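So the structure is just underneath, and the comments pick up after that.
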Amino acid sequence: MKNPTIKIQKTELLSDNWYILNKVTFDYQKKDDSWITQKREVYDRGNGAAILLYNTQQKTVILTRQFRLPTYLNGNETGMMIEVCAGLLDQDNPEQCIIRETEEETGYRISKVKKVMETYMSPGAVTEILYLFVGEYDESMKVSDGGGVEHEEENIDVMEMSFDEAYSMIESGQMQDAKTIMLLQYAKINSLI
Numbered sequence: 001m002k003n004p005t006i007k008i009q010k011t012e013l014l015s016d017n018w019y020i021l022n023k024v025t026f027d028y029q030k031k032d033d034s035w036i037t038q039k040r041e042v043y044d045r046g047n048g049a050a051i052l053l054y055n056t057q058q059k060t061v062i063l064t065r066q067f068r069l070p071t072y073l074n075g076n077e078t079g080m081m082i083e084v085c086a087g088l089l090d091q092d093n094p095e096q097c098i099i100r101e102t103e104e105e106t107g108y109r110i111s112k113v114k115k116v117m118e119t120y121m122s123p124g125a126v127t128e129i130l131y132l133f134v135g136e137y138d139e140s141m142k143v144s145d146g147g148g149v150e151h152e153e154e155n156i157d158v159m160e161m162s163f164d165e166a167y168s169m170i171e172s173g174q175m176q177d178a179k180t181i182m183l184l185q186y187a188k189i190n191s192l193i
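Using the UniProt record's numbering, read the sequence shown as starting at 1 and increasing by one per residue.
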């Protein structure tokens, strides 16, 4: 059911160069029943999925490392980020997306995943819902080196490390990606490894 305290008045396209950036004018009813008009820019890049691959026997996880321009522009000196495997849904459902992305980015062909949460990562400006998964891997599932899709100009390093090393990167500040931190904490809280 739509929220009766919100009335969209106008949506103006500001850019559709990479994704869609709209300026939305809306009326909002406050707690005192008065109405105010607000304008906000909203970035729509579609929804995404991310997965923490883990190996219970080896007590390891698979992470990726790649250049992220927005972090570089905001103080990350190298622009490199360590993250869980992730991607946009495109036309897939979340499970299909993350299985495809896992093989493209990490080289592991998995078939069983578990959705553990859905989250808005930046709800003040971005429409994206991120579906977070966990999934087990072992060496028999490795079908390629991964690294991403060439026509998408991806250049991804695949990293296998102990869960303890990955988790300690949160405290040391080396791990700064929110979805990765959330999934590592989920794994710790739920004793996956």
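Backbone N, C-alpha and C define an ideal beta-carbon position, used for all residues, glycine too. On a predicted model such as this, the values are computed, not experimentally measured, just so you know.
Can you check DSSP and say which residues form a bridge with residue 20? Start at 1 with the first residue of the sequence shown, and residue 20 comes out as number 20. DSSP lists 44 as partners of residue 20.
When you compare the CB positions of residue 48 and residue 130, do they come within less than 8 Å of one another, or not? Within the sequence shown, residue 48 is the residue found at index 48, counting from 1. Within the sequence shown, residue 130 is the residue found at index 130, counting from 1. Contact flag set, yes.
Identify, in the order they occur along the chain, each residue of the same chain with its Cβ nearer than 6 Å to the Cβ of residue 144, setting aside the five sequence neighbours on each side. Within the sequence shown, numbered from 1, the residue matching residue 144 stands at position 144. Around residue 144: 107.
Buried or exposed by the 16-neighbour rule on C-beta atoms within 10 Å, applied to residue 83: Taking the first residue of the sequence shown as 1, we reach residue 83 at position 83. Residue 83 is buried by the Cβ-count criterion.
Do residue 134 and residue 186 have their beta-carbon atoms positioned less than 8 Å apart in this structure? Mapped onto the sequence shown, residue 186 falls at position 186. Mapped onto the sequence shown, residue 134 falls at position 134. Yes, the pair counts as a contact, with Cβ atoms nearer than the cut-off.
Residue range of the unbroken alpha helix (DSSP H) whose run includes residue 179: Numbered from its first residue, the sequence shown carries residue 179 at position 179. Start and end: 178–189.
To which residues of the same chain is residue 88 closer than 6 Å at the C-beta, ignoring the five residues directly before and after it? In the sequence shown, counting from the first residue as 1, residue 88 sits at position 88. Hits under 6 Å: 46 and 48.
Any alpha helix (DSSP H) of 4 or more consecutive residues that is wholly inside the segment 59–98: 69–73
Identity of the residue in 19, 105 and 122 nearest residue 150 by Cα: The count along the sequence shown starts at 1 and reaches residue 150 at position 150. Cα-wise, what sits closest to residue 150 is 105.
Determine the closest residue to residue 66 out of 76, 58 and 57, with distance taken between C-alpha atoms. The residue labelled residue 66 in the question sits at position 66 within the sequence shown. Checked all of 76, 58 and 57; the closest Cα to residue 66 is 76.
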